[in-house]
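One structure below.
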Amino acid sequence: MIVSLNKKSLLAALLVVLCSGCDNTTDRSPAKTEAPAASLSLNQWFDARYEEELQFSPIELSFLGRKDRNDELGSFSYESFNKKLAWKKQTVETLRQQYDYASLTPAEQISYDIWVYQYEQAAASAEYFYNGLSFDQMRGIQSYIPTFLINFHRVEDESDLRAYIARIKDVAPRMQEMLDIAQQSADAGVVSPGFALDGVIEQASAIIAGRPFVDNSEADSDLWADFQQETQTLVAQQKITQKVADELMRDAKTALQKHFLPTYQGIIAWAETQKDRAPEVVTGVGNQPNGAAYYKHRLATQTTTSLSADEIHQIGLDEIDRLRKEMQSVMDEVKFDGDLAAFFEHVRDGAWNYYPNTDAGRAAYITDATAAIENIKTELPQFFGLLPKADLVVKRVEAFREQDGAAQHYYPGTPDGSRSGTYYAHLSDMNAMPKNQLEVIAYHEGLPGHHMQISIAQELTGVPQFRTQAGFTAYSEGWALYSEVLAREIPGTYTDPYNRFGQLTSEMWRAIRLVVDTGLHAKGWTEQQAIDYFMQNSPEPLESVTSEIRRYIVMPGQATSYKIGMLKIQELRTKAEKTLGAQFDIRGFHDAVLGGGAMPLPILERVIDQWIASVAATDAA
Numbered sequence: 000m001i002v003s004l005n006k007k008s009l010l011a012a013l014l015v016v017l018c019s020g021c022d023n024t025t026d027r028s029p030a031k032t033e034a035p036a037a038s039l040s041l042n043q044w045f046d047a048r049y050e051e052e053l054q055f056s057p058i059e060l061s062f063l064g065r066k067d068r069n070d071e072l073g074s075f076s077y078e079s080f081n082k083k084l085a086w087k088k089q090t091v092e093t094l095r096q097q098y099d100y101a102s103l104t105p106a107e108q109i110s111y112d113i114w115v116y117q118y119e120q121a122a123a124s125a126e127y128f129y130n131g132l133s134f135d136q137m138r139g140i141q142s143y144i145p146t147f148l149i150n151f152h153r154v155e156d157e158s159d160l161r162a163y164i165a166r167i168k169d170v171a172p173r174m175q176e177m178l179d180i181a182q183q184s185a186d187a188g189v190v191s192p193g194f195a196l197d198g199v200i201e202q203a204s205a206i207i208a209g210r211p212f213v214d215n216s217e218a219d220s221d222l223w224a225d226f227q228q229e230t231q232t233l234v235a236q237q238k239i240t241q242k243v244a245d246e247l248m249r250d251a252k253t254a255l256q257k258h259f260l261p262t263y264q265g266i267i268a269w270a271e272t273q274k275d276r277a278p279e280v281v282t283g284v285g286n287q288p289n290g291a292a293y294y295k296h297r298l299a300t301q302t303t304t305s306l307s308a309d310e311i312h313q314i315g316l317d318e319i320d321r322l323r324k325e326m327q328s329v330m331d332e333v334k335f336d337g338d339l340a341a342f343f344e345h346v347r348d349g350a351w352n353y354y355p356n357t358d359a360g361r362a363a364y365i366t367d368a369t370a371a372i373e374n375i376k377t378e379l380p381q382f383f384g385l386l387p388k389a390d391l392v393v394k395r396v397e398a399f400r401e402q403d404g405a406a407q408h409y410y411p412g413t414p415d416g417s418r419s420g421t422y423y424a425h426l427s428d429m430n431a432m433p434k435n436q437l438e439v440i441a442y443h444e445g446l447p448g449h450h451m452q453i454s455i456a457q458e459l460t461g462v463p464q465f466r467t468q469a470g471f472t473a474y475s476e477g478w479a480l481y482s483e484v485l486a487r488e489i490p491g492t493y494t495d496p497y498n499r500f501g502q503l504t505s506e507m508w509r510a511i512r513l514v515v516d517t518g519l520h521a522k523g524w525t526e527q528q529a530i531d532y533f534m535q536n537s538p539e540p541l542e543s544v545t546s547e548i549r550r551y552i553v554m555p556g557q558a559t560s561y562k563i564g565m566l567k568i569q570e571l572r573t574k575a576e577k578t579l580g581a582q583f584d585i586r587g588f589h590d591a592v593l594g595g596g597a598m599p600l601p602i603l604e605r606v607i608d609q610w611i612a613s614v615a616a617t618d619a620a
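Following numbering that gives the first Met the number 0, the numbering of the sequence shown begins with 0 at its first residue and continues without gaps.
In structure tokens form, the structure reads like this:
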């Protein structure tokens, strides 16, 4: 999942943890490889530009499974952001000069428009660089960097371990950049809620708990444990000797103690100093300097539409009314004696609806989520022509970033399949994980949701490489939410009425987001008002609701993208079904939606209109 960063890959969009408008860019400019249009097809030109773009971000390269520059993290500074923005502006100017739009194929025009859209989005974000929070409980850089090192820094030989150590040392200057940005934001009136600062302190403290940060600790820290494991794996594979391994572990220990530890102590100290500024009553960004404009920008970037806060709020109210009626139908089906509010309590408080809050209960959740994914996998060819090649695993979130009641999430694998996609579950408090929602979450995060959409995008051929990694939240989250509802049509799913109620609960959750996100950031709602509204319209546990509302507060607008994207995909499907009638093919429709990678919703509508016209013309011939 996410702040106001303009990441050029979907993966980065899901993992973004930095400040408003900030990219993981390095100070080094990419090499110029410009060539005249006559010598390059448009796709070749885009591929050359995308390679330049990747060189701005060592982290992005690692996400893609590449090892060039894997001893760097890259700069997070405002200067780096501007350097990349200037480069992007130049590419757009060159694109417009060298290629005649009218002479391009429809597919090339789509690529052209997406490239320009990405630049325009980045340019618009520059004004709001300091409006976001650099450190918070959801996507703060303090948890992002260790997560990245543990999960995405590939270790296959000695050089990779030395690069790992170099990146540990590089944490200090990169975090200082973020602290400088955070302080400038605070000085400009962008205050962090107390819960966000507490989350930063808790996460940072957990990261530096254990050896080698605390010598007398009985346990290793996650980072130290990971480095030792990677080192001993190479020893076992006879790629390095034990003598070399011991040297590397000494160097890593020194880097962690002398570079990493003081940095995290500094983050904790900074967060402590900010707690006095935290507001007693938490509201949204409307109270910030330039807050209304910032939120309007956030809605535009997150939904890829021009919908206003009032329009989104009303869509949410209408969807909540519709879903309450569907929930009432399920309640009647199970013959519950009481009103919908009482049924919410029955589902929310019933011990039958939760796994034991034990390691055995957590293991059972992972097992059952995996089984749900494996079951639906066998039915997918009936609904999709395009299927992902990459594997999918279900894992528990690492302890240092795990939060009670936090939403589950997905991390993509690599385009070459060397790293599987991962569906992560927060399992620290099983009382925040209702059984009847396990199935719908598995479909959202796994198949046919995020894993299918992102893997297919990464595996695409015949389109410019940048489109295989492009990220637009309304498209990706809209697809995942659409997948939850699509699963109703797939055999063997939601066979229990309570699981069907779980699907409706998940959809209601996203409808409520439209109301509470706009309420918080455009209508002056307090945190408690948002929590109360959520609880009145959903059986979600209080722990989950509280975590959700606090997520919306620190990530303005992001939560609106899900339902807006889903509604657009449903609208396009209805249009295709009505226009094509008996000619409509569900596999063809889904392949048209997924077959070009992520894109803004208006461009997706153009793609589907072209597909409809193509099908109609083919059958008429």
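Glycine included, C-beta positions come from ideal geometry on N, C-alpha and C.
Straight-line Cα distance separating residue j from residue i
i    : j    : result
W508 : A398 : 26 Å
R68  : K82  : 19 Å
G412 : Q528 : 39 Å
S305 : I563 : 11 Å
D358 : I365 : 11 Å
A122 : T300 : 11 Å
A628 : E157 : No answer is possible for residue 628: the residues shown for the chain start at 0 and end at 620.
G596 : E50  : 18 Å
Q468 : Q54  : 15 Å
D169 : Y143 : 14 Å
P496 : A205 : 40 Å
K242 : R161 : 15 Å
F226 : Q256 : 14 Å
I455 : V281 : 41 Å
F500 : E444 : 18 Å
A187 : F75  : 19 Å
M598 : W610 : 15 Å
P278 : K324 : 38 Å
S216 : Q141 : 22 Å
E483 : M451 : 13 Å
F147 : L391 : 18 Å
Burial state of residue i, where buried means 16 or more other Cβ atoms lie within 10 Å
i    : result
E71  : buried
I213 : Going by the sequence as given, residue 213 is Val instead of Ile. Exposed, since its Cβ has fewer than 16 Cβ neighbours within 10 Å.
V189 : buried
W524 : buried
Q96  : exposed
Y410 : buried
Q202 : buried
D135 : buried
Q287 : buried
W114 : buried
G624 : This structure does not reach residue 624, given that the chain is present from 0 up to 620, and the question cannot be answered.
E570 : exposed
R512 : buried
T302 : buried
V235 : First, the amino acid is wrong: residue 235 is Ala here, not Val. The residue is exposed, with fewer than 16 neighbouring Cβ atoms inside 10 Å.
Helix, strand or coil at residue i according to DSSP, with G and I counted as helix
i    : result
A406 : coil
F583 : coil
E155 : coil
F533 : helix
E201 : helix
Y442 : helix
A615 : helix
T413 : coil
P57  : helix
S40  : coil
T304 : coil
V346 : helix
T272 : helix
M137 : coil
Identified DSSP bridge partners for residue i
i    : result
V392 : T421
R210 : D219
P433 : Y353
Is it the case that the stretch 331 to 338 contacts the stretch 387 to 405, given that we only count it when at least three CB pairs across the two stretches are under 8 Å?
Flag = no, the stretch 387 to 405 and the stretch 331 to 338 do not touch.
Touch test, the stretch 494 to 504 against the stretch 253 to 264, Cβ-Cβ under 8 Å, three pairs minimum
Counting C-beta pairs closer than 8 Å gives fewer than three between the stretch 494 to 504 and the stretch 253 to 264, which falls short of the contact rule.
Should the stretch 481 to 498 be regarded as contacting the stretch 535 to 549, the criterion being three or more beta carbon pairs within less than 8 Å?
Judged by Cβ distances under 8 Å, the stretch 481 to 498 makes no contact with the stretch 535 to 549, as fewer than three pairs qualify.
So, does the stretch 422 to 430 touch the stretch 382 to 397, judging by three or more C-beta pairs under 8 Å?
Proximity of the stretch 422 to 430 to the stretch 382 to 397 meets the contact definition, three or more beta-carbon pairs being nearer than 8 Å.
Are the stretch 365 to 382 and the stretch 439 to 459 touching, with three or more C-beta to C-beta distances below 8 Å?
Under the three-pair Cβ rule at 8 Å, the stretch 365 to 382 counts as touching the stretch 439 to 459.
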